[in-house]
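Written out below as structure tokens is the structure these notes cover.
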Amino acid sequence: MEYRKLGRTDIDVSVVGFGVWTTSTGWWGEYTDDDAVALLREARYLGITFFDASDSYGNGRSEEQLGAAFGNDPNVVIATKGGYDFYTHGNARRGQQEIPQDFSPAFIRRACEESLRRLKRDRIDFYQLHNPKMDAIARDETFACLDDLVREGKIRSCGVALGPAIGWEAEGVRAARERHIAGMQIIFNMLEQDPGRAQIAACHENGAGVIARVPHSSGMLEGKYTEDTVFGPNDHRRHRPRSWLLNGLKKVEQLRFLTDARPGATLGQVALKWILADPAMCATLPNIYDREQLREFAGAADVAGFTPEELARVQSLYESNFGLDRELENAVAGT
Numbered sequence: 094m095e096y097r098k099l100g101r102t103d104i105d106v107s108v109v110g111f112g113v114w115t116t117s118t119g120w121w122g123e124y125t126d127d128d129a130v131a132l133l134r135e136a137r138y139l140g141i142t143f144f145d146a147s148d149s150y151g152n153g154r155s156e157e158q159l160g161a162a163f164g165n166d167p168n169v170v171i172a173t174k175g176g177y178d179f180y181t182h183g184n185a186r187r188g189q190q191e192i193p194q195d196f197s198p199a200f201i202r203r204a205c206e207e208s209l210r211r212l213k214r215d216r217i218d219f220y221q222l223h224n225p226k227m228d229a230i231a232r233d234e235t236f237a238c239l240d241d242l243v244r245e246g247k248i249r250s251c252g253v254a255l256g257p258a259i260g261w262e263a264e265g266v267r268a269a270r271e272r273h274i275a276g277m278q279i280i281f282n283m284l285e286q287d288p289g290r291a292q293i294a295a296c297h298e299n300g301a302g303v304i305a306r307v308p309h310s311s312g313m314l315e316g317k318y319t320e321d322t323v324f325g326p327n328d329h330r331r332h333r334p335r336s337w338l339l340n341g342l343k344k345v346e347q348l349r350f351l352t353d354a355r356p357g358a359t360l361g362q363v364a365l366k367w368i369l370a371d372p373a374m375c376a377t378l379p380n381i382y383d384r385e386q387l388r389e390f391a392g393a394a395d396v397a398g399f400t401p402e403e404l405a406r407v408q409s410l411y412e413s414n415f416g417l418d419r420e421l422e423n424a425v426a427g428t
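318 is the number that this note's numbering gives to position 225 of the sequence shown; each next residue is one higher, with no gaps.
Dropping the structure here:
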């Protein structure tokens with residue numbers, strides 16, 4: 094495993110992290126809390142030290158699982174998020190639908206205190222505003238509250254996690270340039286590089302680290318889909334047009350040269366290693382939902398690096414949309 098600094102902080106994070114949404118929300122299968130704790134502890138055994146949660150994942154369940162797995166262990170780095178008012182609206186959530194947000198200082202302070210309790214920790218290493226929109230990025234009192242929480246020793250550093258879907262370029266760039274954030278969590282992968290490239294550049298210019306979520310493009314870059322793949326009834330990918338699957342497979346096939354040059358490496362590992370080729374990237378957060386996948390992704394840091402020619406070829410493929418009609422693809426996808 095490789096470890097990098099989180100932006101300008103002295104916090105070391107494993108370049109492969111573990112997002113606890115997979116074990117706590119029911120979106121990737123059902124897990125008992127004992128199952129989750131066992132998987133989290135195995136991740137730690139494999140060298141993963143960076144764990145990312147949110148108070149809203151499972152209405153507090155992801156943090157409770159981390160608390161049960163690690164408690165106040167100083168050798169693991171815990172990131173979590175706040176801003177969704179599940180205390181009031183938690184029962185209204187349906188699947189991955191957003192619920193109302195509250196980024197007022199009073200709510201953020203309450204959310205942080207509750208997260209500390211569930212995590213069984215004295216301090217949160219990296220506290221993120223969860224999917225803030227521009228009005229929250231522009232709110233001085235919210236970031237003043239985060240600064241106060243740092244001074245009080247309740248959090249070590251702060252940042253923003255952008256979403257829920259791909260996008261939010263202006264929010265990310267402004268947060269990096271105008272707010273003293275330690276890091277930013279964005280969607281970024283070989284197939285979905287924009288607006289991530291602009292967000293990464295802004296972070297690099299201002300000393301903030303970047304954490305990539307959805308590094309496998311909703312599983313496409315794990316290399317296991319076929320034309321016959323059928324998604325489960327609760328899987329958000331079930332509602333995408335079939336062209337998303339078919340076009341994605343065509344793109345993935347053109348990236349096989351990366352695994353061909355690395356015998357034994359999987360496409361899923363190579364996809365993580367490609368993200369980490371950028372020194373501005375601190376960590377990746379692949380979706381991990383079983384032991385086999387955990388061991389595969391934990392080994393990504395050991396995969397051979399890329400040549401300049403390989404990196405250039407990936408970029409050329411991306412810029413040309415892998416030879417596919419970009420306008421037609423976007424029209425069919427409804428974007």
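Cβ atoms here follow ideal geometry from the backbone N, Cα and C, with glycine treated the same way.
Check                                                                                                                                                                      : Outcome
Alpha carbon to alpha carbon, how far is serine 310 from phenylalanine 281? Give it in angstroms, no decimals.                                                             : 8 Å
For the beta strand (DSSP E) containing isoleucine 280, list its first residue and its last residue.                                                                       : 276–280
Mind reading off the beta-carbon distance from cysteine 251 to glutamine 292? Whole number of angstroms is fine, and I expect it under 8 Å.                                : Actually they are not in contact, since the Cβ atoms of cysteine 251 and glutamine 292 sit about 17 Å apart, beyond 8 Å.
Can you give me the Cβ contacts of tryptophan 261 inside the same chain, cut-off strictly under 6 Å, excluding the 5 residues immediately before and after it?             : Leu255
Does the Cβ-Cβ distance between lysine 344 and leucine 404 come in under 8 Å?                                                                                              : no
Mind checking which residues open and close the alpha helix (DSSP H) that includes valine 363?                                                                             : 360–369
Could you give the residue range of the beta strand (DSSP E) that holds isoleucine 153?                                                                                    : Looking at the sequence itself, residue 153 is glycine, so the reference to isoleucine does not match. Neither: glycine 153 is in no beta strand (DSSP E) and is coded neither H nor E.
So, for threonine 118: in the same chain, excluding its five sequence neighbours on each side, which residues have a beta-carbon less than 7 Å away from its beta-carbon?  : Tyr150, Gly151
Look up glutamate 320 in the DSSP assignment and say whether it is helix, strand or coil.                                                                                  : coil
Proline 167 and phenylalanine 196 - do their beta-carbons sit closer together than 8 Å?                                                                                    : no
Counting contacts by CB-CB distance shorter than 8 Å, is glycine 175 in contact with chain C?                                                                              : Within the model displayed, chain C is absent; a lone protein chain is all it includes.
Quick check on DSSP: helix, strand or coil for valine 169?                                                                                                                 : coil
Pairs of beta-carbons, one from the region 199–216 and one from the region 290–308, closer than 8 Å: are there three or more?                                              : no
Could you check which residue in Pro198, Phe111, Lys98 has the C-alpha nearest to that of leucine 365?                                                                     : Phe111
Between leucine 212 and leucine 132, how many whole angstroms is the CB-CB distance? I'm expecting something under 8 Å.                                                    : No, leucine 212 and leucine 132 are not in contact; Cβ-Cβ is about 17 Å, not under 8 Å.
Thinking C-beta only, is alanine 301 closer than 8 Å to isoleucine 274?                                                                                                    : yes
Look at histidine 182 and isoleucine 171 and say whether their C-beta atoms are less than 8 Å apart.                                                                       : no
In terms of residues, what are the limits of the beta strand (DSSP E) holding glutamate 265?                                                                               : Per the sequence shown, the amino acid found at residue 265 is glycine instead of glutamate. First-last for glycine 265: 262–271, but that is the alpha helix (DSSP H), not the beta strand (DSSP E).
Between which residues of its own chain and glutamate 156 is the CB-CB distance below 7 Å, once the five residues before and five after are set aside?                     : Ala146, Asp148, Thr173, Ser208, Arg211, Leu212
If I measure Cβ to Cβ from proline 198 and keep anything under 6 Å in the same chain, skipping five residues before and after, which residues do I get?                    : Glu234, Cys238
For glutamine 286, tell me which candidate among Gln362, Ile259, Met227, Arg388 has the shortest Cα-Cα distance.                                                           : Ile259
Note down the Cα distance separating arginine 384 from leucine 410, rounded to an integer number of angstroms.                                                             : 33 Å
When the Cα of leucine 314 is compared with those of Pro288, Leu342, Gly289, His297, which residue comes out closest?                                                      : Leu342
What residue from Leu338, Phe163, Gly357 has the CA that sits closest to aspartate 321's CA?                                                                               : Leu338
Provide the residue(s) that pair with tyrosine 220 in DSSP beta bridges, ordered along the chain.                                                                          : Thr173, Cys251
In whole angstroms, give me the CA-to-CA distance for arginine 216 and glutamate 402.                                                                                      : 44 Å
With isoleucine 304 as the anchor, note down where its alpha helix (DSSP H) starts and where it stops.                                                                     : Careful: isoleucine 304 lies outside any alpha helix (DSSP H), inside the beta strand (DSSP E) at 302–306.
Return the chain-ordered list of same chain residues with a C-beta closer than 6 Å to the C-beta of leucine 369, the five sequence neighbours on each side being excluded. : Val108
Using 8 Å for Cβ pairs, my map puts tyrosine 382 next to threonine 115. What's the rounded Cβ distance?                                                                    : 5 Å
For leucine 99, which option in Cys375, Glu206, Phe415 has the closest C-alpha, if you only look at C-alpha atoms?                                                         : Cys375
Quick check: the Cα distance between glutamine 386 and proline 356, rounded to an integer number of angstroms?                                                             : 18 Å
Rounded to a whole number of angstroms, what is the C-alpha to C-alpha distance between glycine 179 and proline 257?                                                       : Contrary to the premise, residue 179 reads as phenylalanine rather than glycine in this sequence. C-alpha separation (whole angstroms): 16 Å.
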